[in-house]
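A short write-up of the structure that comes next.
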Amino acid sequence: MAVSPVSVCSMALTRLGGQPIASLSEGSKEAILCSAFYELSRDATLRDHPWNFATRRRALAMLSSGGTDGDAAIPWAWIYGWPSDCLLARRIHNPGSTTVAIPYEVALNSSGERVIYTDQATATLVYTTRVTDLTLCDPLFIEAMTWKLATELAIPLTQDRGLMQVATTMYQNAIAKARTLDANEGSADDLSQASWMEARLGYQSLY
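Numbering (the working numbering), first residue to last: 8 to 214.
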């Protein structure tokens, strides 16, 4: 059977000892809760690991330069637009080094738009895109996502905190396994997770 939102929800429910659903619109408590937590769980799982299938590289559109944002001075030379399909920025690609991270900051500009500040001219962003077609996803991602969804469903469906903790542990195990397996498909110019985290000076998630 092809993987789908309904099948992912049904797997999550089964992991909690429940029954699968036939449709997200069937009106049952299970379907209503799955509808509420499905997208949240999918996006959280995408963010928690730099999945190869969800990684994109895009040359950023320059909005302004000169160290100013509107009337305010900023400690960055360039301001770039945020890609519309970007779920999480991972790093600015460094064409001259595979080990040196390029500092940047994600923030709201003077117009209230999400932007990227950096001193890198002609910047290319490596980021996680929001993937909605589950047929494109790695099987390990599907496994992790079902456990993530199970953690969200455990309390409202079962009121069992022990079951929620089991689901949380299984999710963490799946992410840890992905970090090992997915890295084998990575390219040589990928910086380590520590390197790109160090580069993201001042970054705080807006989600």
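Glycine included, every Cβ here is placed at the ideal spot set by N, Cα and C.
On a predicted model such as this, the values are computed, not experimentally measured, just so you know.
Beta-carbon proximity list for residue i, same chain, < 7 Å, skipping 5 on both sides
{"i": "P27", "result": "S17, L20 and T21"}
{"i": "G209", "result": "The pLDDT assigned to G209 is 42, lower than 50, so where the model puts this residue is not dependable; a value taken from the coordinates is nonetheless given after this. For G209, where only same-chain residues beyond five positions count, the Cβ hits under 7 Å are E112."}
{"i": "A181", "result": "L147, E150, A151 and W154"}
{"i": "D55", "result": "I182"}
{"i": "P163", "result": "L40"}
For residue i, three-class secondary structure by DSSP
{"i": "W203", "result": "Annotation note: pLDDT 39 at W203 (below 50); position unreliable, coordinate value reported separately. Three-state DSSP puts W203 in a helix."}
{"i": "R49", "result": "helix"}
{"i": "A66", "result": "strand"}
{"i": "A29", "result": "coil"}
{"i": "A9", "result": "coil"}
{"i": "S35", "result": "coil"}
{"i": "P57", "result": "coil"}
Opening and closing residue of the alpha helix (DSSP H) in which residue i lies
{"i": "V13", "result": "P12 to R22"}
{"i": "G169", "result": "R168 to L188"}
Endpoints, the beta strand (DSSP E) within which residue i is located
{"i": "I81", "result": "Careful: I81 lies outside any beta strand (DSSP E) and carries neither H nor E."}
Nearest neighbour of residue i, chosen from the options [CA to CA]
{"i": "P102", "options": "P12, A66 and M177", "result": "A66"}
{"i": "W83", "options": "L70, D92 and C93", "result": "L70"}
Residues of its chain near residue i, where Cβ-Cβ distance is below 6 Å and the 5 sequence neighbours each way are ignored
{"i": "V138", "result": "A61"}
Any non-hydrogen atom of the ligand ZN within 6 Å of residue i CB
{"i": "S11", "result": "In terms of ligand content, the structure shown is empty, and the ligand ZN therefore cannot be addressed."}
Beta strand (DSSP E) segments (min. 3 residues) lying fully within the stretch 70-156
You should have 85-88, 93-99, 111-115, 121-125 and 131-136.
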